[in-house]
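The next block holds one structure in the form of structure tokens; read it before the comments.
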Amino acid sequence: MTDPISLNLKINGQSHALDVEPRVTLLDALREHLHLTGTKKGCDQGQCGACTVFVDGRRVLSCLTLAAQAEGAEITTIEGLAGADGALHPVQEAFLEHDAFQCGYCTPGQIMSAVACIKEGHAGSEAEIREYMSGNLCRCGAYNSIVAAVRQAAEAV
Amino acid sequence: MTLMEPRKHGSASDSAVGSRLSRLDGRLKITGGATYALEQPVENVAHAVLVPATIGAGRVVSIDTSAAEASPGVRLVITPQTEMGLLVSGDWGGNRPEIVPYHPLSLDVTYNGQAIAAVIAETIEQAAEAARLVKVEYEEGAVVVDLFDPKANNRKSLDQMAVKWGDAEAAFAGAAVQVEAEYRTPREYHVPIEPHGLIAEWSGDQLTVWEPSQWTHGMARMYSEWFDLPLENVRVISPFIGGGFGSKGAPYFYGAVAIFAAKVLQRPVKLAVTRSQGFTAYGGRASTQQTLKLGASEDGKLQAIIVDGANETSTYADFTEQTEAATPLMYAVENFRSSHTLVKTNTVTPGALRAPGKNPSAFGIESAMDELAYKLGMDPLELRLKNYADHDYQSGKPWSSRRLREALETGAERFGWSRRSHAPRSMKEGRTLIGWGIGCGTFPNLRNSAEALIRILPNGRVEVESGSIDMGQGTYTIVAQTAADALGVPVDLVDVKLGDSLWAGAPVAGGSMLASSITGAVHKAAVAAREELIALALTEEGSPFRETGANTLSIENGRITTSIGDGPALDFATFLRQVRRESLEVRRDTLPEGTKPADANKFWTTMANVQGPTATDFSVHSWGAHFVEVKVDEDFGTVRVSRIVSAFDCGLIYNPKLAESQWRGGIIMGIGQALLEEGLIDPRNGRVINNNLGDYLVPTNADVPHIEVISVGEPDLEASVLGGKGVGEVGIVGVAPAIANAVFHATGKRIRDLPLTLDKIL
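In order, the protein sequence lines correspond to chains A and B.
Heads up, the first sequence is in this note's numbering, so the first residue is 1 and it goes up one at a time.
Heads up, the second sequence is in this note's numbering, so the first residue is 1 and it goes up one at a time.
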């Protein structure tokens, strides 16, 4: 049960080999084993959205995903969103400009969800953005600015 | 010749204090580069998991750790029987009993969820599994579930908190119009999205703790006392904090457990408090109850206010949630009396949550004023203006500034209050009832000293160092703005280092006191650095200014020049090279004159020197007024907040972009308090049933309308060096009653216990 298994995870275009117990979540694999700590642990039970990453382009909660499930898939985390030259993604730019965060802890998850929300075609109105961004809790209460940032980014991408 | 315009504060076009500069730590936060406490790259970490009690009161009879200890990867199990050798620390005021042992884990269970053991293993998964294997036998006792439990008869009247002027009882009895009502607020929780926890590492007798901290110096002091170490041996590091709201200002028992484990194992230990454990590992806002009596003349002049309040606390410590804190400050009244009582229940000791005291206090008085308005048949805005307090009736002192009238008038104008029809249920859209309500708020201006260190580095960059912290209020940014302004450099030349207890002293990021305290010290240090640079430039060998005959110089845009600008202009790096200096370091503090160096630490590590709002000849407070529209579905009783306009007087706003975010954040937490947030306690065993984010509901994006926030403040130099007053807490104060008043206006139902759930509305 707890004997490690060997995995190879493709994260942000790079392959990472790791030996972990089969019960290790994708979130803990990222944070504790690969030191990719941009993905946040807010509840560890699928309720806050802070751990949102893309698996094959779809947003998933990495705390409810086993690392082993993600083998063979393209995983994208917040660290992989900006260009290789450091150029920010339009959603990141808009978050900074609109002050769409305070403490910053829910922010990587918000940004990943925002990118997906726009790509899914659910950023057509403020009301729609609010609904499709409601899986990501922000206790600092940056919601107005998040909506403004997503609107702006939706027009830019 | 070009005339230079004097620099105006408030312009968005530059980065001066008062401008809308974006967060300087923003890029790290949006790229995943901001490293929070549990993410620090510490090698060879062991993981600790807490074991919570499953009864609400009683005693642990036995703990069988054999299965846990035999579980793979387990390195240590700590129980109440483990001799940890700790000493009780001083409280927030620094008061410390002599040599009293401290037991972070106890066989006596006083609340459900209290940790009774900890398991430390190689991996988090191994520790979590082994924690479930700890077998505990209990002897159960009777549980006092909440404030209203018939068994809740361990009560303590706090006579020292009683306030009295005039003869309130007689004035109330003789008043033509009376309101008497009881208001209640439930247990509420901070739930910052970053859960609590720490990494502890020893190196000999030097202890390093990476932990989200609203107060690195205070927490370092308490850890040093627990472990009987010199203060300078303890380092608390906290560069980023994922939300605190009052919950990250002190160390908790689990910190002692992790540090002890690290000492025993001689390796770093990481302890992550789980989301569910976060409902009992430290306390949220205490539930409160208050009875309010308002007496008024027929034309609506207040004659008397009487408030008798109570809050729950634990069986082992007193925490006061002062439900009478805002009540005496809001209105002109000649007769006032208040009392406060603590009620012991089986809960973890409650703690400070955004605007402690003022928040439930405002729910009472601002609801009661609305009730009075309806008894009088008077507009709630008119009633508030009619009873406007032109000075502080409690202290008798003048306000330093109180632009609450402007907040009410500006807010009403922007909201369109004049279009309101007064009668309940009189504004409708089909089956949707519309309600408009007002609630006012206040928060006292607390002050403390701080220090700041400024370095001009060989490369010409300016480094500002402080042990204060940024949990999203914007400390990194406003510190840089303040230093850049005072020194005469562009803000992008300034690097700010925060969040290390070894760095310059600062008070807690709490009580809305940090921004003004730290900007005061940074301003002073930056002015001193500027003067020192100019003095060097005028006198030091190698300086090209020595021969100019100038008697002073100026620093503009990062360059030292003559005041009329006709001489050389040197950037700092070039200047330092020319005068053969490696760097320049200036440390300044705002301690009272004559403070002995040995006493300085007490200012940073305790609250003993915090100045209250009436410490000077003035009464100094922040003020706010909220205008709220709700839409209530008549069939289902669901409430949606559809519009909010809030106006604040917080003096000078150091950075409006960031302050607006904080105000909105407070208002949104107020929406949660009004409509959603309530700790549900199992009456059988005192367990917090909804101890997770799926059941303890906080506002989501879809719950929040556009919120318009307006600053009506002006610089208040009685409040702080630069004229700012506190921003962080006043935003939430008055929101819940504004919403409750709007719900009354919509439905005709007066709900006096939060939250305003549909079962109470239908």
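We treat Cβ as the ideally placed atom computed from N, Cα and C, and that holds for glycine.
Residue range of the unbroken beta strand (DSSP E) whose run includes residue i
i: B/Y138; result: K135 to E140
i: A/I5; result: I5 to I11
i: B/H626; result: H621 to D633
i: A/Q14; result: Q14 to V20
DSSP three-state assignment for residue i, whether helix, strand or coil
i: B/D703; result: helix
i: B/K760; result: helix
i: A/L137; result: coil
i: B/T410; result: helix
i: B/D91; result: coil
i: B/F572; result: helix
i: B/W503; result: coil
i: B/H340; result: strand
i: B/P360; result: helix
i: A/E79; result: helix
i: B/W763; result: Residue 763 of chain B cannot be examined here, being either before or after the span of chain B that is shown, 1 to 762.
i: A/G42; result: coil
i: A/F54; result: strand
Closest Cα partner of residue i within the set the options
i: B/R581; options: B/C650, B/I456 and B/V698; result: B/I456
i: A/M112; options: A/D44, A/D85 and A/S134; result: A/S134
i: A/F101; options: B/T442, B/H190 and B/G474; result: B/G474
i: B/Y654; options: B/N690, B/I644, B/V639 and B/G713; result: B/G713
i: B/V494; options: B/G351, B/G460, B/A521 and B/V177; result: B/G460
i: B/E232; options: B/F240, B/P239, B/S238 and B/Y223; result: B/Y223
i: A/V150; options: A/Q69, A/R130 and A/A50; result: A/R130
i: B/D716; options: B/R403, B/V735 and B/E137; result: B/R403
i: B/L86; options: B/R75, B/V100 and B/T79; result: B/V100
i: B/D703; options: B/I671, B/G724, B/I710 and B/G197; result: B/I671
i: B/H764; options: B/V639, B/A509 and B/F636; result: Given that chain B is displayed from residue 1 to residue 762, the structure contains no residue 764 of chain B and the question cannot be resolved.
i: B/D635; options: B/M427, B/D759, B/R23 and B/V628; result: B/D759
i: B/T110; options: B/D308, B/R750, B/L675 and B/T54; result: B/T54
i: A/A127; options: A/V115, A/I146, A/G109 and A/C138; result: A/I146
Span of the alpha helix (DSSP H) around residue i
i: A/Q92; result: P90 to H98
i: B/H745; result: V735 to T747
i: A/Q69; result: That residue, A/Q69, is in no alpha helix (DSSP H); it is neither H nor E in DSSP.
i: B/L294; result: First-last for B/L294: T288 to A296, but that is the beta strand (DSSP E), not the alpha helix (DSSP H).
i: A/K119; result: T107 to K119
i: B/K156; result: No alpha helix (DSSP H) contains B/K156, which is instead part of the beta strand (DSSP E) from R155 to S157.
i: B/W58; result: Note on identity: in this sequence residue 58 of chain B is Gly, with Trp being the wrong assignment. B/G58 -> not in any alpha helix (DSSP H); beta strand (DSSP E) instead, spanning G58 to D64.
i: B/E547; result: Unbroken run through B/E547: none, as it is neither H nor E.
Identity of the residues DSSP links to residue i by a beta bridge
i: B/I199; result: B/W210 and B/K270
i: B/R587; result: B/L453
i: B/A765; result: In the structure as shown, chain B starts at 1 and stops at 762, and residue 765 of chain B therefore has no counterpart that could be examined.
i: B/F443; result: B/S622
i: B/E182; result: B/T291
i: B/T561; result: B/S554 and B/A569
i: B/N311; result: B/T288 and B/L342
i: B/G651; result: B/G724
i: B/Y393; result: Per DSSP, none; premise fails for B/Y393.
Residue-level contact to chain A via CB, residue i, 8 Å cutoff
i: B/I761; result: no
i: B/N770; result: Residue numbering for chain B in the displayed model covers 1 to 762; residue 770 of chain B lies beyond these limits and cannot be assessed.
i: B/M4; result: Confidence at B/M4 is low in this model, with a pLDDT of 35, below 50, so its placement is unreliable and the value that follows should be read with caution. Closer than 8 Å: no.
i: B/F240; result: yes
i: B/V768; result: Absent from the model: residue 768 of chain B. The displayed extent of chain B is 1 to 762, so no value can be given.
i: B/R664; result: yes
i: B/R7; result: Note that B/R7 scores a pLDDT of 41, beneath 50, so its modelled location is shaky and nothing firm can be said.
i: B/H706; result: yes
i: B/Y316; result: no
8 Å Cβ cutoff, residue i in contact with chain B
i: A/C63; result: no
i: A/T76; result: no
i: A/T52; result: no
i: A/Q102; result: yes
i: A/N12; result: no
i: A/S145; result: yes
i: A/P90; result: no
i: A/L27; result: no
Proximity test, residue i beta-carbon vs the ligand COA heavy atom, cut-off 7 Å
i: B/T345; result: This structure simply doesn't include the ligand COA, nor any ligand for that matter.
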